[in-house]
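See below for the structure under consideration.
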Amino acid sequence: MSILDRESTVAPAGFNRWLIPPAALAVHLSIGQVYAFSVFKLPLTRIIGVSYSVPGDWEQPSLAWIFSIAIAFLGISAAVFGKWVERNGPRKTMLAAACCFGGGFLVSAIGVFLHQLWIIYLGYGVIGGCGLGLGYISPVSTLVKWFPDRPGMATGMAIMGFGGGALIGSNLSLTLMDMFKSPTSTGVAQAFIAMGAIYFVCMLFGAWIVRVPAEDWKPAGHTKPAAPQKLVTTANVTVDQAWRTPQFWLLWIVLCFNVTAGIGILEQASPMIQEMFPAGHGGAKGVSAAAAGGFVALLSLFNMVGRFLWSSLSDFTGRKVVYVIYLLLGAVLYCLIPLTGHTGSPTLFVAVCVVILSMYGGGFATIPAYLKDLFGVMQVGAIHGRLLTAWSVAGILGPVLINYLRIYLQQHGATGVSLYAPTMYLMAGLLVIGPICNLLVRPVAERFHYHGDQDQPHSPDDHLPHHHRHAHA
Amino acid sequence: MENTAQTKGSGLQLAIYWAIVSLPLFWGIWKTAIKLPALFQ
Chain E
1 MSILDRESTV
11 APAGFNRWLI
21 PPAALAVHLS
31 IGQVYAFSVF
41 KLPLTRIIGV
51 SYSVPGDWEQ
61 PSLAWIFSIA
71 IAFLGISAAV
81 FGKWVERNGP
91 RKTMLAAACC
101 FGGGFLVSAI
111 GVFLHQLWII
121 YLGYGVIGGC
131 GLGLGYISPV
141 STLVKWFPDR
151 PGMATGMAIM
161 GFGGGALIGS
171 NLSLTLMDMF
181 KSPTSTGVAQ
191 AFIAMGAIYF
201 VCMLFGAWIV
211 RVPAEDWKPA
221 GHTKPAAPQK
231 LVTTANVTVD
241 QAWRTPQFWL
251 LWIVLCFNVT
261 AGIGILEQAS
271 PMIQEMFPAG
281 HGGAKGVSAA
291 AAGGFVALLS
301 LFNMVGRFLW
311 SSLSDFTGRK
321 VVYVIYLLLG
331 AVLYCLIPLT
341 GHTGSPTLFV
351 AVCVVILSMY
361 GGGFATIPAY
371 LKDLFGVMQV
381 GAIHGRLLTA
391 WSVAGILGPV
401 LINYLRIYLQ
411 QHGATGVSLY
421 APTMYLMAGL
431 LVIGPICNLL
441 VRPVAERFHY
451 HGDQDQPHSP
461 DDHLPHHHRH
471 AHA
Chain P
474 MENTAQTKGS
484 GLQLAIYWAI
494 VSLPLFWGIW
504 KTAIKLPALF
514 Q
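Order-wise, the sequence lines are chains E and P.
Quick note on my numbering: the first sequence kicks off at 1 and runs consecutively.
Quick note on my numbering: the second sequence kicks off at 474 and runs consecutively.
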């Protein structure tokens, strides 16, 4: 038995489960760097010219594909390797994620040295993207198993790390590029090498300390509620059955539209606040580029904090209620954004946006707990992986919708608030579809439940006695 | 198995693990938070 096998990671009796969240955070704080990749965009357009772009240097639209490919491969790898993750356990998966994510940086550094963009697409996009997918789902499913009494709080903690990773990643990237830059180099390649090594070590730390609970483990004092909530199942559903259920696809739409709408703010935060509140607007002095930078920072903070707070709240309110809040309140707030522009109040605008971004993060963090409620804990990681394809689609759908609508409006002479109002109403419309899908979610029909005599599940619970599978979910 | 005695992870081990992941996060939050005053000027 290898130390990487699932069996080697089973925690001994009396193991303190609060030692597990740091393992999840070590991975998510690392891979969350992907949200900060944009800080490399400008330096990557100056690899040849160094201080400014010259003919032959890469252009921004080509570079934008690096992030898109990485997010697409996050979803694809999470969906494809979900069952492998459940079968092999978190340690092997985290090691694979560390190799892919760290290795992706090293391959990208070669791409910068050789000035071959396709090598960066392959390195950070494809290889790094697979590291993102594996790293994202593995700790989440492990934490759900350790915290069956508080799954929302547990997944909120891990996925908050993904939001926090962007805060670390952006500042670390800038610090390293500043350290390595010279009159003949932007320092990007060297920063890639350093970050590959740093993130590899951090993720390895997570792989080293992670443990899974023993099959019959349950937290002290945790008993199955006498009258369980309506949606919370006492059975398990395999991943192959789960995606045949309407519940899976209803949640897929909810996640897809929630993410698409959130990207509506994230994608254009900095230009939006500057163009909606220009100098002279109502006698005001306008919002400067530095203030817009502060606004983006504030959004990142609320995106991170919202992941933990909203998801923890869902343990008390139930998942369905909290998603109704995200989607309906979100739709109302999106409609209010143009109004804040008309009133000329940046403070009100900022207040509305930070609440929206907190719910955007909350939507990501609460979904694994919602899946656990509906499909049980047995293959929740694999099911979560399949659901993340919604993120890949939203990652393409959101920017495409926003950018094309913006170009169209610009061509028709729109400026200021009117340049953004239609986008906000479109996002509100998407969010209104979400609650309808959410309210249609019902408990999973019994014919989809795992009874041990159908689809061979690939999980540590394979050998559990039949009655136990129903009892411990 | 009722896991009533969650004592094997020592307090020191908990403190070290949490410090390792919290310190970089606080550094990132602090570096981000110092950009905020510009928003309110």
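Ideal Cβ placement from N, Cα and C applies to all residues, glycine included.
Taking residue 476 of chain E as the query, report the chain P residues whose CB atoms sit under 8 Å from its CB, ordered along the chain. In the structure as shown, chain E starts at 1 and stops at 473, and residue 476 of chain E therefore has no counterpart that could be examined.
Can you round the beta-carbon distance between residue 406 of chain E and residue 419 of chain E to whole angstroms, since I take them to be within the 8 Å contact cut? The pair is a contact, with the Cβ atoms about 7 Å apart (cut-off 8 Å).
Beta-carbon proximity list for residue 340 of chain E, same chain, < 7 Å, skipping 5 on both sides: Result list for residue 340 of chain E: 348, 349 and 352, in chain order.
Using 10 angstroms around the beta-carbon of residue 316 of chain E, count the other beta-carbons present and answer buried if the total reaches 16, otherwise exposed. Within a 10 Å sphere around the beta-carbon of residue 316 of chain E sit fewer than 16 other beta-carbons, which makes this residue exposed.
DSSP on residue 418 of chain E, reduced to helix/strand/coil? The answer is helix: DSSP assigns residue 418 of chain E an H, G or I state.
Curious, which full-length alpha helix (DSSP H) runs of at least 4 residues does the segment 307 to 346 of chain E contain? Along the length of the segment 307 to 346 of chain E, whole alpha helix (DSSP H) runs at least 4 residues long occupy 319 to 324 and 330 to 343, reported in chain order.
Checking contacts by CB at 8 Å: is residue 488 of chain P closer than that to chain E? Chain E places no beta carbon closer than 8 Å to that of residue 488 of chain P, leaving this residue out of the contacts.
Below 8 Å on the Cβ atoms is my contact criterion, and I expect residue 26 of chain E with residue 205 of chain E to pass it. Report the Cβ-Cβ distance as a whole number of Å. Contact between residue 26 of chain E and residue 205 of chain E holds: CB atoms are separated by about 5 Å, below the 8 Å threshold.
Chain-order list of residues whose beta-carbon lies under 7 Å from that of residue 444 of chain E (same chain, five-residue window excluded): So the qualifying residues of the chain are 233, 237, 245, 247, 374 and 375.
Looking only at its own chain, which residues have a Cβ that is under 8 Å from the Cβ of residue 174 of chain E, when we skip the five neighbours before and after it? Closer than 8 Å at the Cβ level, and outside the excluded window around residue 174 of chain E, lie 39.
Helix, strand or coil, according to DSSP, for residue 77 of chain E in the structure here? In the structure shown, residue 77 of chain E falls within a helical segment according to DSSP collapsed to helix, strand and coil.
Kindly list, in the order they appear in chain P, the residues whose Cβ is closer than 7 Å to that of residue 295 of chain E. Within 7 Å Cβ-Cβ: 512.
For residue 474 of chain E: DSSP bridge partner residues: Residue 474 of chain E cannot be examined here, being either before or after the span of chain E that is shown, 1 to 473.
Apart from the five residues on each side of it in sequence, which residues of its chain come closer than 7 Å, Cβ to Cβ, to residue 43 of chain E? The residues are 177, 186 and 188.
Exposure label - residue 114 of chain E; buried when at least 16 CB within 10 Å: Using a 10 angstroms sphere on the CB of residue 114 of chain E, the tally of other CB atoms stays under 16, which defines it as exposed.
For residue 496 of chain P and residue 151 of chain E, the rounded distance between their alpha carbons: Whole-angstrom Cα-Cα distance: 25 Å.
Helix, strand or coil for residue 254 of chain E? Go by DSSP, reduced to three states. Residue 254 of chain E falls in the helix class under three-state DSSP.
When the cut-off is 8 Å and only beta carbons count, does residue 509 of chain P lie next to chain E? Yes, because at least one Cβ of chain E sits closer than 8 Å to the Cβ of residue 509 of chain P.
Could you check the C-alpha separation between residue 253 of chain E and residue 132 of chain E for me, to the nearest Å? Residue 253 of chain E and residue 132 of chain E: Cα-Cα distance of roughly 22 Å.
Just tell me which of E:385, E:398, E:194 and E:168 has its CA closest to the CA of residue 84 of chain E. Ranking the options by Cα distance to residue 84 of chain E, first place goes to E:385.
Residues in the same chain with beta-carbon distance under 8 Å from residue 41 of chain E, minus the five sequence neighbours each way, listed in chain order, please. Once the five neighbours on either side are set aside, the close Cβ partners of residue 41 of chain E are 60, 63 and 64.
Measuring CA to CA, which of E:99, E:211 and E:87 is closest to residue 142 of chain E? Shortest Cα-Cα distance from residue 142 of chain E to any of E:99, E:211 and E:87 involves E:211.
Residues that residue 168 of chain E contacts on chain P, provided the C-beta gap is smaller than 8 Å: Residues of chain P passing the Cβ test: 497, 498, 500 and 501.
beta-carbon residue 272 of chain E near the ligand NAD non-hydrogen atom, thresh 7 Å: The ligand NAD is absent from the structure shown, which contains no ligand whatsoever.
Beta-carbon of residue 16 of chain E versus every beta-carbon of chain P: anything under 8 Å? With 8 Å as the cut-off, residue 16 of chain E counts as an interface residue toward chain P.
Using beta-carbon positions only, say whether residue 158 of chain E and residue 24 of chain E come within less than 8 Å of one another. Yes, the pair counts as a contact, with Cβ atoms nearer than the cut-off.
Where do the ends of the alpha helix (DSSP H) carrying residue 138 of chain E lie? For residue 138 of chain E, the enclosing alpha helix (DSSP H) stretches over residues 128 to 146.
Residue 10 of chain E by DSSP, collapsed to three states: which one? DSSP places residue 10 of chain E in the strand class (E or B) of the three-state scheme.
If you drop the 5 nearest sequence neighbours on each side, which residues of the same chain put their C-beta closer than 8 Å to that of residue 45 of chain E? For residue 45 of chain E, where only same-chain residues beyond five positions count, the Cβ hits under 8 Å are 53, 57, 58, 59, 60 and 63.
Coarse secondary structure for residue 305 of chain E, derived from DSSP in three states: For residue 305 of chain E, the three-state secondary structure derived from DSSP is helix.
Any 3 or more C-beta pairs closer than 8 Å across the segment 79 to 98 of chain E and the segment 4 to 17 of chain E: Yes: at least three Cβ pairs fall under 8 Å.
Between residue 416 of chain E and the rest of its own chain, which residues show a CB-CB distance below 8 Å, the 5 nearest in sequence each way excluded? Cβ within range, chain order: 275, 276, 278, 281 and 341.
Going by the CB atoms, is the gap between residue 369 of chain E and residue 518 of chain P shorter than 8 Å? The structure shown does not extend to residue 518 of chain P, since chain P is modelled only from 474 to 514, so the question has no answer here.
On the DSSP bridge list, what partners appear for residue 212 of chain E? Beta-bridge pairing links residue 212 of chain E to E:10.
Taking the C-alpha atoms as reference points, what is the distance between residue 424 of chain E and residue 75 of chain E? The straight-line gap from Cα to Cα measures roughly 26 Å.
Taking any Cβ of chain P, which residues in the segment 163 to 196 of chain E have a Cβ under 9 Å from it, in chain order? Listed in sequence order: 164, 165, 166, 167, 168, 169, 170, 171, 172, 174 and 175.
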